[in-house]
Every structure is written in C-alpha cells, then in structure tokens.
Amino acid sequence: MSGQAPGEPSDATLLRRHADGDPDAFGVLFKRHSGRLWAVALRVTCDPEDAADALQDAMISAFRRAADFRGDCAVTTWLHRIVVNASLDLLRRRSARSVGWSGDPDELPVPESRQVLDRTAGTDARLDVDAALRLLPPPQRAALVLVDMLGYSVADTSAILGISEGTVKSRCARGRAKLLPHLSHLRSSHSPERNQPAADGVSVEQGGGA
Amino acid sequence: MSGDWPLEGGWPPEWDDPEEFPEGAAGQDTEALAGLSEVTAFLASVPASPLPDAVAARISAALAAEAAARAGDPVHPASDARRGLPETDAVSAAAGPADAATAAGTAASAGAPSPAADARTLGPAPARARVRRRRDGRPRGFRVRPLVAVWSVIGCLVLVGLGVVLTLGRSPSSSGSSGFSAAGSNAGQSAAVAAPNASAPVPSESSSSAVASSSAAASFAGTVPFTVTASGTRYEAATLAAQVRARLHLPASAGTTAGHGPGSAPTPALHGCVVHLTGGLPPRLVDRATYQGAPAYVIATSSRVWVVRPGCTAASPELITSAALAG
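Residue numbers (this note's numbering), protein chains in the order written: chain H, 31 to 240; chain D, 731 to 1057.
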C-alpha cells in the first residue's frame, strides 16, 4: 500500500515507461498500489481466492493495455476501475454457477481460507461485514465499499465505476439501508476510526452521504 | 479512461437496482438516519486485510511471464497472429496461477530501464502465460509484422504441401510418416515452422530460407536433427551474444552442433525444448555449458540465442534469458 516517495517517478511516468518497453516499470507500479487494489478486490468479491484471481486478471489486463491509457484521469483511478471491473466480471461468471440463497447472512458458508484466520475481534467483525456485504448486489457493493469502507469520494467513485455521482449515492444509500439490520450488533461495540484512501490520484474527502 | 470492461450491461437481473433510491427518504426518520450514519462509520472503521505475500508473489510471477513474453515479441511477431484471442477472452483466461516459486518478484523489482534490453534475465515463463501477449503500444514499425508473419506461414504451408506432393510422387510405396522423416537436410527445415506448437516462437529465418521440399517434410514430421556439444564454455550475460557468435563461426570440427556435427544426441526432453524455442528450425548450436556460473544449455539459431536451465522441456522451457544475434 505504499505510495510514491519523494524523488520516485510518478505513476504516469511509470506507465509511460512500461508502454515504452521498460521491463521493471509496471512492477514498481503494482508494488506501489497493490495493497489498495487488493483491498478493493477483496471487498468487492468478499472472498480471498476470488480477489486474488480478480487482481491478477486486472493487473495482466493493465499490463497489456497501458498504451490505451490516455491520461484523462489519474493512473490510480484507471487501475482501480480495472480491478473493480475484473472483480465484477469474475462474480458475474461465478453467478452463472451459484445456487439459490435465502439472503440470511448466517447461512453464508465461510470459505476455509478465512476460517483459519485468527479469531481476533477485528477478524470477527470482518467476517460479519463480509457476510453482510454479500447481501448486496455486486455493483451496489462496489459503490459502498469504495465510498464507505475505503474512503473514496463520490466523485472518485463515480470515475472509478464509470457511473454518475447520483447513481453512486443511490447505490450507497440503498446498500446502507440493506446492511443496517445486519450490522446493528456490531455497531454498538465498535470504536469509530475511519479508513483513509491513498493520497495519490484520489482524494481523501469523504462522500456519499446520501 | 479506456481499455477496460464496461460496467453496465450484461449483468444478471438481480444485480440491477430496480429504481433510483430516493435521496432523503430516510431523512424523515431521525432514528433511521442516525442508524445509516452509524453504518457508514462502522464500515469505515473495519480494517482491511493486507495483501498476502503468496498472492503478491503469484501476481508478480504472472507479470514476469508477461514481461518475458513481451521481451520475446519482436523476434516472434507471428505469435499474436496465431493467438487471435479477443482481449476480454484473454483477460478472462488469465487467472491461472503462475509459478510463484520460480519467477516471483522478477517483474516487481524496482529500478531504471534495463540497459540491455536484448539480454534480460527473466524468470521462467509459465507455458500458459507465455502465449498471452500485450497487443497494444508497439512502435509503429511492429504493426506490419503480423502481416509478414501471416504471409510467411502461408508460404511455409505451400512449401510443405509441395514437399509432401514431391515426396509421395518420388516414392509412391512409402506413404505415411516414414516418407517424411526419411528426408531432410539442415538447410531447409525452416519451412516447416508453421508447425505445430502454437506457443512456439517463429524464428525470423523462416520467411527467407530457400527450402528443399523434402527437408520441409522432414521437419513437418517433427524430426529436427541436431547434436549437443559440451564445450564447458562459461557464458556471461554481458558477453553472451559475442560468445555465441564466436562459437557459431568456429569450424564444425571444433564442436558446433549444426546438423549432425560432433556431439551427443539430445534427450527427448531437450529435443522438445529446442524445437519449441526455435519453432522447428534446426539450431546451429546446442551447448551444455554454464551461464553466469550455473549449468545451462545455450541454444542458438543464426539470429537468436536462448539460455535455458538443464531441466528444459517443451512444456516448461525454463528460460533464463534470450538475446538477439543481429550483426
């Protein structure tokens, strides 16, 4: 999740170098934003294995399409968009094989990879939040994750998702309303401490208070 | 912003929002509004899991494979034409786990542009990943190369067909593959590069060689004759191309392996590896030696050299590095 240190080349410079044939530039770019991109993929897919697949898909896609980047947005926004779309694409493919589900988060199977995690309070909260997030349609989940969990502004989220700001607000509001009854037991026992987005390329302003 | 999937459309119906949420609908209920704010605050405080090292290594390996494929592209322009995958399909197919143990971190290493772009040291590329290439951003001069490759392949196919006809015509009683494998000289097997392995690179010589039809037929049958020398040469990254060029100019008695020169027969695995790398072209040199102090095979055609680990096979070329021999 490291950002750009003083004196290091900018994201746009790295991407241009990569497009020009520099074999190392994209690796630096990936390292710089991997933590943030992983968080996006993990929250949108709600599964570590799916998140790993989606992130790999996205990075390979970005690697190949670097020359398509026209610079009309920040490189991080472009990367986030590719990761979100890869995650949604993967979920869409998965959904074709999914079985019916009542909507009760208690009935959600917890992937084995997560069952072996330490049962700390933070992990418990994460598991419950993951289960609750699965209640939301993925596009709605993506908007809520970006705005509420990762701290992106509505404008940035709008750019990342390629939808209007009104739609972002709408999806966030619907998502919150849907999650409200499922998170009440956690909200009372949790101390507020907001996550902040990376400073480069996206704003730290909070938004989506629809 | 371009070059990614569209977000809207093609979703399962249950993913769509049936209607815009009326903003402020909850505002009439102060308690509900407070609840929604609490949800927002709670979600913002949930810690994110860090990127696991294994996932980072896996993705770095996949990127290293992409970099290796890209590094080989200028020499093997036909690979994209052969692949012919739509971009989204290629991306969808890209999720296969890469060999993180062997290539991890290679692409992610920081630093300035490589000073020797034609002699990069890269991790081995997983076979599946190597056929996925970046299709964009090539210098303009490269855009015509797929066309050249297509015409080369067509020319090769015609020559192979001619070879088959002539071979059958000369010995009508010997139909079948034995008729193909019996013929063959070193000069002309390059015509058969059209061959079989879709992920194999196509050497540049393939389009220019004058080809004897019988030898083309021999190559078509998969018999690329060569022997393996064991010079014990200590090849180094900085001087690899020069060392190989020097060896290629030695007389055959001094140990070059073109055709049936002195040396031992390759193992089937090594044979497959060499054919895979050269695209069916007979190598001018297959030398068991060391590279940067480690055991390696050095394989060379007239225009390119590959250095592979001793376990090289067609399925897993174990490529250490590759360089052009131009000039």
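The beta carbon of each residue, even a glycine, is placed where N, CA and C say it ideally should be.
Check: Helix, strand or coil at A778 (chain D) [DSSP, three-state]; Outcome: coil
Check: Residue closest to D77 (chain H), alpha-carbon to alpha-carbon, out of H:K208, H:V159, H:I193; Outcome: H:V159
Check: Delimiting residues of the beta strand (DSSP E) encompassing D113 (chain H); Outcome: Asp is not the amino acid found at residue 113 (chain H); the sequence shown has Val there. Note, V113 (chain H): premise wrong, no beta strand (DSSP E); alpha helix (DSSP H) at 105-125.
Check: Cut-off 7 Å between Cβ atoms - residues of its own chain near M89 (chain H), not counting five sequence neighbours on either side; Outcome: F60
Check: Contact belief for P53 (chain H) with A801 (chain D) at Cβ below 8 Å, rounded distance in angstroms; Outcome: 7 Å
Check: Residue-chain proximity (R164 (chain H), chain D), Cβ-Cβ < 8 Å; Outcome: no
Check: Neighbour flag for L793 (chain D) against chain H, beta carbons, 8 Å; Outcome: yes
Check: Proximity to L210 (chain H) [Cα-Cα], best of H:V198, H:L165, H:P169; Outcome: H:L165
Check: Between the CA atoms of F93 (chain H) and W881 (chain D) - distance to the nearest angstrom; Outcome: 29 Å
Check: Paired residues, beta bridge with V1037 (chain D) - DSSP; Outcome: D:V1028, D:T1051
Check: Boundaries of the alpha helix (DSSP H) in which D41 (chain H) is found, first to last residue; Outcome: 41-49
Check: Simplified DSSP assignment, three categories, for D194 (chain H); Outcome: Position check: residue 194 (chain H) holds Ser in this sequence, whereas Asp was assumed. It is coil, neither helix nor strand.
Check: Interface positions of the stretch 765-781 of chain D facing chain H (Cβ-Cβ less than 9 Å), listed along the chain; Outcome: G765, L766, S767, E768, V769, T770, A771, F772, L773, A774, S775, V776, P777, A778, S779, P780, L781
Check: Bounding residues of the alpha helix (DSSP H) (the contiguous stretch that carries T1020 (chain D)); Outcome: Where T1020 (chain D) is concerned, there is no enclosing alpha helix (DSSP H), although the beta strand (DSSP E) it sits in stretches over 1015-1021.
Check: Chain D contact residues for D178 (chain H), given Cβ-Cβ distances below 7 Å; Outcome: T770, L773, A774
Check: Pairwise C-alpha distance: A172 (chain H) and M179 (chain H); Outcome: 10 Å
Check: Neighbour-count burial assignment, G1009 (chain D), 16 or more Cβ in a 10 Å radius; Outcome: buried
Check: Same chain, Cβ closer than 7 Å to L978 (chain D), neighbours up to 5 away in sequence not counted; Outcome: T986, R1014, L1015, A1030
Check: In DSSP terms, what T187 (chain H) is bridged to; Outcome: The partner list for T187 (chain H) (beta bridge, DSSP) is empty, contrary to what the question assumes.
Check: Span separating the alpha-carbon of V883 (chain D) from that of S994 (chain D); Outcome: 32 Å
Check: Cβ pair A82 (chain H), A778 (chain D) closer than 8 Å; Outcome: no
Check: For S882 (chain D), the three-state DSSP class (helix, strand or coil); Outcome: helix
Check: Nearest to Q170 (chain H) (by Cα), restricted to the options H:L191, H:G181, H:A185, H:A161; Outcome: H:L191
Check: Test: S64 (chain H) CB closer than 8 Å to a CB of chain D; Outcome: yes
Check: Nearest residue (CA-CA) to V776 (chain D), options H:N115, H:L176, H:R201, H:A189; Outcome: H:L176
Check: Extent of the continuous alpha helix (DSSP H) run through S64 (chain H); Outcome: 55-75
Check: Between the CA atoms of T107 (chain H) and A764 (chain D) - distance to the nearest angstrom; Outcome: 31 Å
Check: Chain D residues whose Cβ lies nearer than 7 Å to that of L210 (chain H); Outcome: G765, L766, V769
Check: Beta-bridge pairing of R964 (chain D) - partner residues as DSSP gives them; Outcome: D:T1020
Check: V175 (chain H) (DSSP reduced to helix, strand or coil); Outcome: helix
Check: Distance, P1012 (chain D) Cα to H806 (chain D) Cα; Outcome: With a pLDDT of 37 at H806 (chain D), under the threshold of 50, the modelled position of this residue cannot be trusted, and the question is left open.
Check: Short CB-CB distance (under 8 Å) between A207 (chain H) and chain D; Outcome: yes
Check: Status (buried if at least 16 other CB within 10 Å, exposed otherwise) for T187 (chain H); Outcome: buried
Check: Three-state class that DSSP yields for V954 (chain D) in the structure shown; Outcome: coil
Check: Beta-carbon gap between V105 (chain H) and A42 (chain H) smaller than 8 Å; Outcome: yes
Check: C-alpha gap between K199 (chain H) and L174 (chain H), whole angstroms; Outcome: 9 Å
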